[in-house]
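Asker:
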Amino acid sequence: MHEEDIYEEVRNKINLKGENKMEFIDQTVDGEKDKFIDYVWGFYSPNSDLYPIYGLTRTKIIEALKVYKKRMLVGCTWGGGDSLDRERVRDIILKNK
7 MHEEDIYEEV RNKINLKGEN KMEFIDQTVD GEKDKFIDYV WGFYSPNSDL YPIYGLTRTK
67 IIEALKVYKK RMLVGCTWGG GDSLDRERVR DIILKNK
């Protein structure tokens with residue numbers, strides 16, 4: 007993707023409202039969803055050597071991701087499934103435990 011295309015995509019994202027913005031978020035996040043769920047699972051699964059969250063399931067990760075996507079409507083941003091995204095989803099999981 008060229009730099010101009012990236013800027014255009016960001017400008018469009020900023021100007022989107024309501025259903026159009028949610029549709030954009032869905033398309034952006036859903037394209038990376040499976041990889042992101044695996045990434046979160048690798049860190050926080052009950053058998054993880056890193057940071058296990060006992061009782062965690064992939065379904066709970068998916069539900070937390072849905073909450074996170076709604077938060078993007080009011081200001082959170084998607085970082086392409088990076089560590090900040092992972093930690094925000096983790097916080098949602100822990101809050102809903």
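Sequence positions in the sequence shown follow the working numbering and run 7 to 103. Glycine is no exception: its CB is placed at the ideal position from the N, C-alpha and C atoms.
1) Using only the alpha-carbon positions, how far apart do L100 and P58 sit?
2) Look at K27 and L79 and say whether their C-beta atoms are less than 9 Å apart.
3) Which residue marks the beginning of the alpha helix (DSSP H) containing D97, and which one marks its end?
4) Among D36, F42 and F30, which has the Cα closest to the Cα of D91?
Answerer: With the structure as the only source:
1) 11 Å
2) yes
3) S89 to K101
4) F42
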